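**Student:**
Protein chains: 2
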Amino acid sequence: MKIALGQINPIIGDVAGNKAKILDIYSKGVKEGVDLVILPELSVCGYPPQDLIEKKEFREAVYFASVELAKATNDVGLLFGSITEKMEEVGTGIYNSAVLCYDGKIQFVQNKTLLPNYDVFDEVRYFESAKDVSVYNFKNENLGISICEDIWNDADYWKQRRYEKDPVQTLVEKGATVLINISASPYAFGRREERRKMLSVLTETDKMPLTYVCCTGAQTDLIFDGASMCFDSTGKLCLLGKSYGEDFLIFDTKINYEEVTEVEKSFEEEVLAALIFGLREYAAKTGFKKALVGLSGGIDSAIVTYIAVEALGKENVHVVIMPSQYSSEGSVTDSQKLIDVLGISSSNISVQPVFEKVLEMLNPEFNGLPENVAEENLQSRIRGLYLMALSNKHNYLLCTTGNKSEVAVGYATLYGDMCGALGIIADVYKTEVYRICKYINRNEEIIPNEIIEKAPSAELKPNQKDQDSLPPYKILDRILVMYLEEYKELKEIVVEIKDEKLVNDVLNLVDKNEFKRKQAAPALRVTKKAFGYGRRFPIVQNWQRNRL
Amino acid sequence: MKIALGQINPIIGDVAGNKAKILDIYSKGVKEGVDLVILPELSVCGYPPQDLIEKKEFREAVYFASVELAKATNDVGLLFGSITEKMEEVGTGIYNSAVLCYDGKIQFVQNKTLLPNYDVFDEVRYFESAKDVSVYNFKNENLGISICEDIWNDADYWKQRRYEKDPVQTLVEKGATVLINISASPYAFGRREERRKMLSVLTETDKMPLTYVCCTGAQTDLIFDGASMCFDSTGKLCLLGKSYGEDFLIFDTKINYEEVTEVEKSFEEEVLAALIFGLREYAAKTGFKKALVGLSGGIDSAIVTYIAVEALGKENVHVVIMPSQYSSEGSVTDSQKLIDVLGISSSNISVQPVFEKVLEMLNPEFNGLPENVAEENLQSRIRGLYLMALSNKHNYLLCTTGNKSEVAVGYATLYGDMCGALGIIADVYKTEVYRICKYINRNEEIIPNEIIEKAPSAELKPNQKDQDSLPPYKILDRILVMYLEEYKELKEIVVEIKDEKLVNDVLNLVDKNEFKRKQAAPALRVTKKAFGYGRRFPIVQNWQRNRL
């Protein structure tokens, strides 16, 4: 069987646009003489549509588009992801469906059985689970069709399974001869290799070829890498779709392919590519042409500027240097060096005159109280004020520059450096920012070495260094990874880090700064546990009191 | 059977504190000679604990506290909500449980069957559904124990049921003689009357008394009103717990009670009480003593100031008047009148000198472009800057003053008037703000009539009025209610509102301003569909393009 995979980039809610994309891929498949053209999960409406699904008119528009797609088919099959709805006595009757059409009609619908409802996924909120699973005979093959999560519960692979049912096993038992999975799987570093491994074991065990088609594109914070995969019945990866972009593949189950071995590149290369793609996508889908970055002379704003240039082109990136009395000389000269290397436009606007004016106005209110975080935050907020004014005046997309380590411990000013539409590196730890900068500089010095080598500082008071308030980033990041991603608590972390007070303080900082993260810009997600939608903690809570 | 209901206010994650509260209520019940003391859903850890549940150490602490609670019991029963965990082959093995103890031991556990996973609820994210449901014989009664949602699927009451199973029906069939439901049910106006109605039908149909114990307190944005209810076997409401506060009730299933008829007061009275309670709770649980409000002379900041005074006391509320060149005379004089009536402290800090200084600094960057939203937002952001500086310096809780109509259409400045820790009236439409102000003034003029009667204005450019950019609030709010709460789309709304372009524009504003709401402070929830956690829309989406 010859199957064409349409690795498309749908826009959420743009039913007409997505339909046109699907039709285009179908025509291409027909021209290439394939038997079947397949498209990703929910490709008619984009993934994740979230509460749009609760709108009846939205579901109707999606279903109507599906019927129109069916009408456009000849004898070549077209399989795509859509929403279907049934009148049922109990529940919503709404399904996440794979719709198979040919000869002008919807011929078969397989609903999704396993609905992920963890991390960034909320599918039980919207969908009912499939009542049954069947194979469908088409052109002398028994198609075993499943949707994303359906294939992630293989008893041969997982020690602890999430779900009772195994719909793919059911398809195999019912005589499937070709497995098809249509997916929308957000990227995190390591995920692609996981997909390959699991699907390889599954196809080898079940002795069955598999075509696994994924969508691509970024939807606000979620980056869908694409990287569709085709396996033969020995578990061999035969075809691999492009990462971070649309692709069109044809898989012939009768051909003996060379094995594809490399599915994921180095951490630095992958994450950098993902972030560039994520920003480019956000700008494209929201209509921004130009990006704005506040350049501090530090490594975070430097890498964000580099990413913006890669994403939008150097002519579309503007940076602003905003020195204050506490700024080091390097904050300007190092920034200027980066500006020159990247060839971008820049402004230099001092924070000082406004800072002084604000302090003068607030003087009666500050009652001669000693300087504290109020004055520090003020400088950061004046910078935010400048940046937002430029963004409003010139329609720049303001990039937020905070890294994951800072965001975690709240080492950032709400309404100050936290201003912006999108957190470009808010899911990248500080130590990883360094690694990626070194990767960027692998052939030539792009990010100035001065920026990489200087001690990190917020420069909000005299001679301030990050390490005055925080442990060294190497230690901090290790604690954070254990806490945020490995779900370890105080006692377990202390086994490795030894210093109980230090660990306790870091965990308390993380918990207490939930209120800041609640008001943070969405953060491009590149780890399996990012701040934002997939991590949900109460602002008001006292679990931390149960520690020391 | 004599049952004591402990309507407590747990703090999320404060396992030791909650345990002490439960023990205290138990002692009180024992002293009163009751047979059984019951406490709300998840009372050991507070509700909703969200992703704290994913921490093994947290679950262990909660379970360990449950065992200790059991150890403290004599022959009087103690029933409370907790987390239990089982080693199971499939799934997480984590349950939302009702734990019954006496004679020093956990004697019986009933897990929750129906896990709400809509609006603000995410229980499928954490819990497995109960494998079975049983009655438990205790002191010659068969207790039919259920947890919150378990009782909300009555086939006699609901036309369309959400779930297949009906655990309370099962309990009745298995011979229950007394029904007990332990709950954590967030308030929205109308919800209390709904509870009474549904539970009354259920107890009348099943001819079974019911004790329904709810928690109280606010958890960030969610307000739990309490209002526990006891019904006899004829569907009569016999006892009603206090609203917005802790309570202790004793229900004797053998006594013939007078019927309680009024369960909910007027919209104005209920919502005002809920908001005062919500703010007081947020301050208490986060350790803030004093609140800060930016007073514009408009009705929103006026009502928020009144609420703050009611919540924290007049000595703990400070307001700031921040006039600019566009401020009307009334913005100062009307504010001053309110300050005098409420007897609170205030500051007056002009925005003008800083506004001018910022414009001077930005002049080269603005390139002589015409004034636009950049200058308007600047003024709002300078006010935010002042307020945050005072908050940082004096440890004030900054109250956000935007109403639901504004938040819906994005008529607010991100990092400007949207600054603050908690949206006090962000779930109250503008027309409702007026209604509540009139209620506040029912006996004497507290909110100055000048403030109520003036045309709403942001005062960010000369002679600006809200109605220059927005339809009259009466029409806007009606459109918003239909769109946000009744799930109607363009065509259906136009049937009532007639003006298709107007409706289309409003819906587009709502959708396009999702990016602002993503960075908004949490909003005290008083409707069934509030912005925030319970309403999840993608920022990047083009569904609105499918309209006109």
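For the protein sequence lines, the chains are A and B, in the order given.
Using this note's numbering, the first residue of the first sequence is number 533, and each one after it goes up by one.
Using this note's numbering, the first residue of the second sequence is number 533, and each one after it goes up by one.
Positions of the beta carbon are idealized from the N, C-alpha and C atoms, including for glycine.
Nothing here was measured: the structure is a model prediction, and the numbers come from that model.
1. Rounded to whole angstroms, what's the CA-CA distance from VAL622 (chain A) to GLU705 (chain A)? Just pull it up for me.
2. So, do the stretch 1001-1015 of chain B and the stretch 901-918 of chain B have three or more beta carbon pairs nearer to each other than 8 Å?
3. Here's the rule: buried if 16 or more other CB atoms are within 10 angstroms of the residue's CB, otherwise exposed. What is ASN649 (chain A)?
4. ARG913 (chain A): which of A:HIS926, A:SER878, A:GLY952 and A:VAL941 sits nearest, CA to CA?
5. Between the beta-carbon of ILE979 (chain A) and the beta-carbon of ALA834 (chain A), is there less than 7 Å?
6. Any residues in the stretch 557-581 of chain A with a beta carbon nearer than 9 Å to a beta carbon of chain B? Which ones, in chain order?
7. Could you list which residues in chain A have their beta carbon closer than 8 Å to that of GLU696 (chain B), in chain order?
8. Just how far apart, CA to CA, sit ARG812 (chain A) and HIS926 (chain A)?
9. Excluding the 5 residues preceding and the 5 following ALA750 (chain A) in the sequence, name in chain order all residues of the same chain whose CB lies nearer than 6 Å to its CB.
10. Take LYS817 (chain B) as the anchor and find which of B:GLY549, B:LYS534 and B:PHE783 has the nearest alpha-carbon.
11. Tell me whether ASP832 (chain A) sits in a helix, a strand or coil according to DSSP, three-state version.
12. What first and last residue would you give for the beta strand (DSSP E) that runs through SER923 (chain B)?
13. Checking contacts by CB at 7 Å: is LEU811 (chain A) closer than that to chain B?
14. Are the beta-carbon atoms belonging to SER765 (chain A) and MET730 (chain A) less than 7 Å from one another?
15. Tell me whether the beta-carbon of GLY578 (chain B) lies closer than 7 Å to the beta-carbon of ILE554 (chain B).
16. Counting along the chain, where does the beta strand (DSSP E) carrying ALA750 (chain A) start and finish?
17. Using three-state DSSP, classify CYS680 (chain B) as helix, strand or coil.
18. Under 7 Å between C-beta atoms, does ASP664 (chain A) make it to chain B?
19. Could you check the C-alpha separation between SER798 (chain B) and SER775 (chain A) for me, to the nearest Å?
20. Using a beta-carbon distance cut-off of less than 9 Å, what residues from the stretch 1007-1040 of chain A approach chain B?
21. Would you mind sorting THR785 (chain A) into buried or exposed? The rule is 16 or more other CB atoms within 10 Å of its CB.
22. Taking 7 Å as the threshold (beta carbon to beta carbon), is GLN1073 (chain B) in contact with chain A?
23. Excluding the 5 residues flanking VAL965 (chain A) on each side, which residues of the same chain have their C-beta closer than 7 Å to its C-beta?
24. Answer yes if the stretch 1010-1029 of chain A comes into contact with the stretch 986-1000 of chain A, meaning at least three C-beta pairs across the two stretches below 8 Å, and no otherwise.
25. Can you pull the chain B neighbours of PHE1047 (chain A), defined as C-beta to C-beta under 7 Å?
26. Where do the N-terminal and C-terminal ends of the alpha helix (DSSP H) with TYR695 (chain A) fall, by residue?
27. Helix, strand or coil: how does DSSP classify VAL710 (chain A) here?
28. From the DSSP secondary-structure annotation, give me the bridge partner or partners of LYS637 (chain A).
29. Can you say whether LEU915 (chain B) is buried or exposed, counting buried as having 16 or more other CB atoms within 10 angstroms of its CB?
30. Given a cut-off of 7 Å on the beta-carbon distance, is the pair ILE535 (chain A) and PHE783 (chain A) in contact?
31. Identify the continuous alpha helix (DSSP H) that holds PHE799 (chain B) and give its terminal residues.
32. Can the beta-carbon of PRO572 (chain A) be found less than 7 Å from the beta-carbon of CYS770 (chain A)?
33. For ALA1055 (chain A), list the residues DSSP reports as bridge partners.
34. Return the CA-CA distance between LYS1020 (chain B) and THR645 (chain A), expressed in angstroms with no decimal places.
35. Go ahead and label ALA552 (chain A) buried or exposed: buried means 16 or more other beta carbons lie within 10 angstroms of its beta carbon, across all protein chains shown.
36. Using the Cβ count rule (16 or more neighbours within 10 Å means buried), how would you classify THR491 (chain A)?
**Tutor:** Put simply:
1. 29 Å
2. no
3. buried
4. A:GLY952
5. yes
6. CYS577, GLY578, PRO580 and PRO581
7. VAL622 and GLY623
8. 18 Å
9. GLY810 and GLU813
10. B:GLY549
11. helix
12. Premise fails: SER923 (chain B) lies in the alpha helix (DSSP H), 905-926, not in any beta strand (DSSP E).
13. no
14. no
15. no
16. 748-751
17. helix
18. no
19. 58 Å
20. TYR1019, LYS1020, GLU1021, LEU1022, LYS1023 and GLU1024
21. buried
22. yes
23. ILE831, ASP832, ILE835, ASN935 and ILE957
24. no
25. ALA953
26. Premise fails: TYR695 (chain A) is in no alpha helix (DSSP H) and is neither H nor E.
27. strand
28. A:TYR634
29. In the sequence as displayed, the identity of residue 915 (chain B) is Arg instead of Leu. Counting Cβ neighbours within 10 Å, ARG915 (chain B) comes out buried, since at least 16 surround it.
30. yes
31. 799-818
32. no
33. A:GLY955
34. 29 Å
35. exposed
36. Residue 491 (chain A) falls outside the range modelled here, since chain A spans only 533 to 1080, and no answer is possible.
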